[in-house]
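Residue numbering for the sequence shown follows this note's numbering, beginning at 1 and increasing consecutively.
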Amino acid sequence: PALLIRVDKQYLAIEDICTHDGQPLTNGCIEQGAIICPRHGARFDLITGKALCMPATKPVKTFEIEVRGEKIFARSKSK
Numbered sequence: 001p002a003l004l005i006r007v008d009k010q011y012l013a014i015e016d017i018c019t020h021d022g023q024p025l026t027n028g029c030i031e032q033g034a035i036i037c038p039r040h041g042a043r044f045d046l047i048t049g050k051a052l053c054m055p056a057t058k059p060v061k062t063f064e065i066e067v068r069g070e071k072i073f074a075r076s077k078s079k
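If you want it as structure tokens, here you go:
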């Protein structure tokens, strides 16, 4: 599943699973362009998905966002 996040006027989407232990990131706090895993405190960059601190070492998947009118579409970023 993907987690859709709005920061100011920008929409971002990441995979809703912490790469450290597989738990949802849904209830994580957003701070300084990152989401903090509510379980163990791992941080992930919202744009790149990069793991910013332990205990996570692997990035989360990120998605490209397209807004068309009142609809929001997310698709996997190509590598």
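A virtual CB, placed ideally from N, CA and C, is assigned to each residue, including glycine.
- Annotation: His-40 to Gly-69 spans about 37 Å, alpha carbon to alpha carbon.
- Counting along the chain, the unbroken beta strand (DSSP E) around Gln-10 starts and ends at 10-15.
- Under the DSSP assignment, Ala-74 falls in the beta strand (DSSP E) whose first and last residues are 71-76.
- When the five nearest sequence neighbours on each side are left out, the beta carbons in the same chain lying within less than 6 Å of the beta carbon of Ala-56 are those of Thr-19, His-20 and Ala-42, in order along the chain.
- When secondary structure is reduced to three states using DSSP, Cys-29 falls in the strand class.
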